[in-house]
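>
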Amino acid sequence: MNTTPLPAPAVLDRIRIVLSHPSHPGNIGAAARAMKTMGLSRLVLVNPRNFPDAQADAMAAGATDVLVNADVVASLSSALSGTVLAMAMTARRRELAVPALWARDGAAELVTMAATADVALVFGNETSGLSNDELSMCRRWAMIPVNAEFSSLNLAAAVQVMCYELRLAALDPGRPPAISGAGLLASHDEVEGLIAHIERAALSSEFLDPASPKRLIPRLRRMFSRAGPEKEEVAILRGLFAALEKGLKTPIEVDAAKAARKLEN
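Straight run, no breaks: the sequence shown in the numbering used here ends on number 270.
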């Protein structure tokens with residue numbers, strides 16, 4: 006059997022490993038090492054508690070270049086800027102949950118999308134994982150099939166498992182071809198801009214009560230995540246809401262909006 010190490014597939018360069026609010030610098034370093042062993046290099050840290058840190062360097066064990074080149078950002082939204090697919094790693098079922106993929110299937114989907122556009126795999130804090138708001142920003146969710154009787158998995162270990170699955174998927178000669186038109190999909194920034202536009206129009210029309218916003222925004226995020234809108238579709242909707250906003254500058258009848266609010270409540 007040929008055991009010669011294989012070069013890192015170029016598709017892995019389009020995959021970001023995002024650690025949201027990591028609390029232990031040692032885990033950051035160990036995650037960097039896990040990434041480099043599998044040929045990944047794009048690490049993004051969302052508001053890490055301690056970084057840079059000597060413990061992170063020590064645990065990286067030769068992968069300090071991944072740490073040096075890591076992007077440190079203030080929010081998950083910033084970490085996902087420019088991506089067309091974000092996949093969240095989770096171990097719990099929550100409100101507004103959608104069916105999660107197993108790790109191998111999730112990795113295969115990320116690699117397929119990464120053939121033409123940037124994607125992200127998102128890991129949560131060591132203690133609390135990802136918040137509901139953070140989960141709502143991710144189009145897909147994935148789970149590692151751990152032992153149900155002892156499901157605790159260290160952050161760096163989870164990163165290692167998923168980086169292995171990503172490499173395996175990238176090296177698979179039978180993997181699905183690149184998705185046609187994936188480069189035309191709206192980016193995270195474009196979808197978030199549309200959602201903010203809808204929220205502004207909803208407030209102006211009194212469809213949304215600012216004192217009781219309910220779950221409109223998370224629900225919109227889930228809807229657009231399922232749909233995977235294209236750039237042109239987002240532009241059309243932005244144009245539509247811009248026209249509606251112009252109409253709101255003059256007195257209008259809002260009975261329909263108020264009725265819809267009653268249903269929301």
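Every residue gets a Cβ at the ideal spot worked out from N, C-alpha and C, and that includes glycine. These figures come from a predicted structure and were not determined experimentally.
Skipping 5 residues on each side, what residues in its chain have a beta carbon closer than 7 Å to that of ILE149?
As a first step, residue 149 must be located in the sequence shown, where it is residue number 144. So the list reads ALA108, LEU158, ALA163 and VAL166, once near-sequence residues are dropped.
> Bridge partners for ALA15 per DSSP, in chain order?
Taking the first residue of the sequence shown as position 1, residue 15 is located at position 10. Answer by DSSP bridge pairing: none, since ALA15 is not bridged.
> Have a look at LEU81 and THR117 and give me their C-alpha separation to the nearest angstrom.
Counted from its first residue, the sequence shown places residue 81 at position 76. Counted from its first residue, the sequence shown places residue 117 at position 112. Their backbone Cα atoms lie some 23 Å apart in a straight line.
> Please state if the CB of GLU235 and the CB of SER209 are separated by a distance shorter than 9 Å.
Within the sequence shown, numbered from 1, the residue matching residue 209 stands at position 204. Within the sequence shown, numbered from 1, the residue matching residue 235 stands at position 230. Contact: no.
> What span of residues does the beta strand (DSSP E) with VAL78 cover, start to end?
Counting from one through the sequence shown, the residue named residue 78 turns up at place 73. 76 to 78 is the extent of the beta strand (DSSP E) around VAL78.
> Under DSSP, the alpha helix (DSSP H) around LEU140 begins and ends at which residues?
Walking along the sequence shown from the start, residue 140 turns up at place 135. Start and end: 137 to 141.
> Pick from ILE222, THR121 and ASP70: whose alpha carbon is nearest that of ILE20?
Looking up residue 20 in the sequence shown gives position 15. Selected option, being the one with the closest Cα: THR121.
> Beta-carbon separation of ASP123 and VAL151 under 9 Å?
One-based indexing of the sequence shown puts residue 123 at position 118. One-based indexing of the sequence shown puts residue 151 at position 146. No. Outside cutoff.
> Throw me the rounded Cβ distance for the SER25 and ARG54 pair, which I believe falls under 8 Å.
Numbered from 1 along the sequence shown, position 20 holds the residue referred to as residue 25. Numbered from 1 along the sequence shown, position 49 holds the residue referred to as residue 54. 12 Å between Cβ atoms; not a contact.
> Give me the Cβ distance between LEU160 and ALA36, rounded to the nearest whole Å; I'm assuming they're in contact under 8 Å.
On the sequence shown, residue 160 is found 155 positions in, with the first residue counted as 1. On the sequence shown, residue 36 is found 31 positions in, with the first residue counted as 1. That belief holds up - the Cβ atoms of LEU160 and ALA36 are roughly 7 Å apart, short of 8 Å.
> With distance defined between alpha-carbon atoms, name the residue in LEU106, GLU154 and ARG231 nearest to VAL196.
Position 191 of the sequence shown holds residue 196. Selected option, being the one with the closest Cα: ARG231.
> Over what stretch of residues does the alpha helix (DSSP H) that includes VAL116 continue unbroken?
By one-based count along the sequence shown, residue 116 stands at place 111. Per DSSP, VAL116 belongs to the alpha helix (DSSP H) from 108 to 119.
> With contact counted as at least three CB pairs below 8 Å, one residue from each stretch, are the region 60 to 76 and the region 33 to 48 in contact?
Judged by Cβ distances under 8 Å, the region 60 to 76 makes contact with the region 33 to 48, as three or more pairs qualify.
> Whole angstroms is fine: what's the gap from LEU189's alpha carbon to PHE56's?
Walking along the sequence shown from the start, residue 189 turns up at place 184. Walking along the sequence shown from the start, residue 56 turns up at place 51. Cα-Cα distance, rounded: 36 Å.
> In chain order, what residues of the same chain lie with their CB nearer than 8 Å to the CB of ILE241, ignoring the 5 residues before and after it?
What you label residue 241 is simply residue 236 of the sequence shown in a count that begins at 1. Cβ within range, chain order: n/a, list empty.
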